[in-house]
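For the sequence shown, counting from 1, position 123 maps to 123 in UniProt numbering; every step adds exactly one.
Single-structure report; data block below.
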Amino acid sequence: MTDGPLVLGIETSCDETGVGIVRGHTLLADAVASSVEEHARFGGVVPEVASRAHLEAMVPTIERAAETAGVSLHDIDAVAVTAGPGLAGALLVGVASAKALALGLGKPIYGVNHLAAHVAVDQLEHGPLPEPCLAMLVSGGHSSLLEVADVTVGVEPMGATIDDAAGEAFDKVARLLGLPFPGGPHIDNAARSGNSVAIDFPRGLTRRSDLERHRFDFSFSGLKTAVARWVEAQQRAGVAIDVADVAASFQEAVCDVLTRKAIDAAQSRGIEDILIGGGVAANSRLRAMAVERATDAGIRVRIPRPGLCTDNGAMVAALGAELVARGRTPSLLDLPADSSMPITTVVA
Ligand code: KG4
Ligand code: ZN
Numbered sequence: 001m002t003d004g005p006l007v008l009g010i011e012t013s014c015d016e017t018g019v020g021i022v023r024g025h026t027l028l029a030d031a032v033a034s035s036v037e038e039h040a041r042f043g044g045v046v047p048e049v050a051s052r053a054h055l056e057a058m059v060p061t062i063e064r065a066a067e068t069a070g071v072s073l074h075d076i077d078a079v080a081v082t083a084g085p086g087l088a089g090a091l092l093v094g095v096a097s098a099k100a101l102a103l104g105l106g107k108p109i110y111g112v113n114h115l116a117a118h119v120a121v122d123q124l125e126h127g128p129l130p131e132p133c134l135a136m137l138v139s140g141g142h143s144s145l146l147e148v149a150d151v152t153v154g155v156e157p158m159g160a161t162i163d164d165a166a167g168e169a170f171d172k173v174a175r176l177l178g179l180p181f182p183g184g185p186h187i188d189n190a191a192r193s194g195n196s197v198a199i200d201f202p203r204g205l206t207r208r209s210d211l212e213r214h215r216f217d218f219s220f221s222g223l224k225t226a227v228a229r230w231v232e233a234q235q236r237a238g239v240a241i242d243v244a245d246v247a248a249s250f251q252e253a254v255c256d257v258l259t260r261k262a263i264d265a266a267q268s269r270g271i272e273d274i275l276i277g278g279g280v281a282a283n284s285r286l287r288a289m290a291v292e293r294a295t296d297a298g299i300r301v302r303i304p305r306p307g308l309c310t311d312n313g314a315m316v317a318a319l320g321a322e323l324v325a326r327g328r329t330p331s332l333l334d335l336p337a338d339s340s341m342p343i344t345t346v347v348a
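Here it is as structure tokens:
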């Protein structure tokens, strides 16, 4: 598709300053400046450090995106920005920048939900979203199962984590194993040479008694504790820890629960398409297992390429373009950054 609205999207909810430009479903530029290395020595994202990095990266990243896309900012039809959920100070930098840009250019502004943007980004790769679809969003801050009838109108939450997010579990377990932050990609890598059935780690909220109340919910804190206990026990016994085996067994437990529950949720609503998004959707085992199990169940799976799964500006632009295309009402210029924006609100 080469036509459609030209939209610039800004993402600053965590540690990535993302500026994307799309025309309809076509990605023209996806400029990302990450402050992840500044946080690595703290073992997690430090909000103040992230906010300052966004401030410094914003203008150069906008310029880089416009140059890559080969467009003048005056030609864009609308500005979209992540209004929440995310880190308050980090969100503020993006929202203030988007307001300045929209006001200066005389264009509408859409303050959008980060989670809906993780869903909409897949349109850049696989075309219009199937309606309805079952979206599973798994990242550092969220793990949810959502029924999405129209991503520009709202999503219906079916389940979510009751403790840690899936990405958080990857990051915490990586830390236990002495791997760098963010841990997901390192566990993914280490697991490639490990045995995924070496250790039988628990699958949270999958017992019959749990399913009554938490059929579509997740819990990863018990798994994280089980890994910690296992590592401690090995250390006490003076046995060297096989990082690859622990990584592979842990990853298998996470992917097993995620894919099982996603397929169950889709089947419970008669939905034939599952879409997976968020940083953990970059995980190679999750991608392979989801395709294998869904295919067996007669369900199609769409997962954006790894670079579009982690936070970026293109996802915000993709949702913005869909909002413009469907004639949805823009936000007011006094739109707030909302660190706990509910998943059911698409536009602030
Ligand atoms: O969506 P995202 O970029 O930021 C949030 O909105 O949280 O997700 C980041 C999370 C981190 O926890 C990171 O460890 C995880 O996604 N992640 C992965 C992989 N790549 C990133 N987890 C597992 N396997 C990966 N390959
Ligand atoms: Zn995210």
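Backbone N, C-alpha and C define an ideal beta-carbon position, used for all residues, glycine too.
Where residue i and residue j are concerned, what is the direct C-alpha to C-alpha distance, given to the nearest angstrom?
{"i": "A120", "j": "W230", "result": "39 angstroms"}
{"i": "N275", "j": "P306", "result": "Reading off the sequence shown, one finds Leu at residue 275, where the question assumed Asn. Using only the alpha carbons, I get a separation of about 13 angstroms."}
{"i": "E56", "j": "I109", "result": "22 angstroms"}
{"i": "G18", "j": "T26", "result": "17 angstroms"}
{"i": "G279", "j": "L323", "result": "23 angstroms"}
{"i": "T310", "j": "H114", "result": "11 angstroms"}
{"i": "M1", "j": "L129", "result": "Because the pLDDT of M1 is 44, which lies under 50, any placement of that residue in the model is unreliable, and the number read from its coordinates should be weighed accordingly. Approximately 14 angstroms, taken between the alpha carbons."}
{"i": "T344", "j": "F42", "result": "33 angstroms"}
{"i": "E48", "j": "T12", "result": "13 angstroms"}
{"i": "A297", "j": "S284", "result": "20 angstroms"}
{"i": "A83", "j": "P330", "result": "13 angstroms"}
{"i": "R207", "j": "G20", "result": "43 angstroms"}
{"i": "A96", "j": "S340", "result": "18 angstroms"}
{"i": "V7", "j": "V22", "result": "6 angstroms"}
{"i": "F216", "j": "G320", "result": "29 angstroms"}
{"i": "L179", "j": "A40", "result": "11 angstroms"}
{"i": "L205", "j": "V46", "result": "31 angstroms"}
Relative to the C-alpha of residue i, which residue among the options is closest?
{"i": "S34", "options": "S249, V347, A160, G313", "result": "G313"}
{"i": "D334", "options": "A102, E232, S340", "result": "A102"}
{"i": "Q235", "options": "G278, G279, L176, A321", "result": "L176"}
{"i": "M58", "options": "F42, V32, V36", "result": "V32"}
{"i": "A281", "options": "T82, P128, P304", "result": "P304"}
{"i": "G184", "options": "A165, N195, I271", "result": "A165"}
{"i": "A265", "options": "A40, G89, S72, P157", "result": "P157"}
{"i": "F181", "options": "G140, T161, A198, A149", "result": "G140"}
{"i": "K107", "options": "D77, G84, H118", "result": "D77"}
{"i": "D242", "options": "G320, A174, R215, Q267", "result": "A174"}
{"i": "residue 356", "options": "L332, A337, I299", "result": "The displayed coordinates of the chain run from 1 to 348. Any statement about residue 356 would go beyond what the structure contains."}
{"i": "V247", "options": "P47, S193, D163", "result": "The question names Val, yet the displayed sequence has Ala at residue 247. The shortest C-alpha separation from A247 is found at S193."}
{"i": "V138", "options": "A96, I199, S219", "result": "S219"}
{"i": "A228", "options": "D171, I62, T344", "result": "D171"}
{"i": "P5", "options": "V151, G89, F216, L28", "result": "L28"}
{"i": "residue 406", "options": "A96, G43, A160, P132", "result": "Residue 406 is absent from the model: the chain starts at 1 and stops at 348."}
{"i": "R52", "options": "E16, E67, L8, C255", "result": "E16"}
{"i": "A198", "options": "L211, A253, F216", "result": "A253"}
{"i": "L308", "options": "T259, H118, G70, R203", "result": "H118"}
{"i": "V291", "options": "A318, L319, D256", "result": "D256"}
{"i": "D301", "options": "A66, A80, I263", "result": "The amino acid at residue 301 is misidentified as Asp; the sequence shows Val. Ranking A66, A80, I263 by Cα distance to V301 puts I263 first."}
{"i": "G9", "options": "A69, A237, T259", "result": "A69"}
What is the DSSP secondary structure of residue i, counted as helix, strand or coil?
{"i": "M315", "result": "helix"}
{"i": "R192", "result": "coil"}
{"i": "G111", "result": "strand"}
{"i": "T259", "result": "helix"}
{"i": "S13", "result": "coil"}
{"i": "T225", "result": "helix"}
{"i": "F42", "result": "coil"}
{"i": "S268", "result": "helix"}
{"i": "T68", "result": "helix"}
{"i": "M1", "result": "With a pLDDT of 44 at M1, under the threshold of 50, the modelled position of this residue cannot be trusted; read the value that follows with caution. Note: M1 maps to coil in three-state DSSP."}
{"i": "F218", "result": "strand"}
{"i": "V155", "result": "strand"}
{"i": "G20", "result": "strand"}
{"i": "G84", "result": "strand"}
{"i": "M136", "result": "strand"}
{"i": "residue 353", "result": "The chain is shown only over 1 to 348; residue 353 falls outside these bounds and no answer can be derived."}
{"i": "T161", "result": "strand"}
{"i": "R236", "result": "helix"}
{"i": "T344", "result": "coil"}
{"i": "T26", "result": "strand"}
{"i": "S34", "result": "strand"}
{"i": "G94", "result": "helix"}
{"i": "V276", "result": "One point to set straight first is that residue 276 is Ile, not Val, in the sequence displayed. Strand, per DSSP."}
{"i": "R300", "result": "strand"}
{"i": "V121", "result": "coil"}
Could you check how far apart the C-beta atoms of residue i and residue j are, in whole angstroms? I think they sit under 8 angstroms.
{"i": "G94", "j": "C14", "result": "No, G94 and C14 are not in contact; Cβ-Cβ is about 11 angstroms, not under 8 angstroms."}
{"i": "R328", "j": "V316", "result": "Incorrect: roughly 14 angstroms between the Cβ atoms, too far for contact."}
{"i": "F250", "j": "L286", "result": "At roughly 12 angstroms, the Cβ-Cβ gap does not stay under 8 angstroms, so F250 and L286 are not in contact."}
{"i": "L145", "j": "L134", "result": "7 angstroms"}
{"i": "A244", "j": "A190", "result": "5 angstroms"}
{"i": "V155", "j": "E147", "result": "7 angstroms"}
{"i": "E131", "j": "D150", "result": "6 angstroms"}
{"i": "G277", "j": "D122", "result": "7 angstroms"}
{"i": "V71", "j": "A98", "result": "So it is not a contact: roughly 17 angstroms between Cβ atoms."}
{"i": "F201", "j": "A226", "result": "5 angstroms"}
So does residue i have its beta carbon nearer than 8 angstroms to some heavy atom of ligand 3?
{"i": "L286", "result": "This structure does not include ligand 3; its bound ligands are ligand 1 and ligand 2."}
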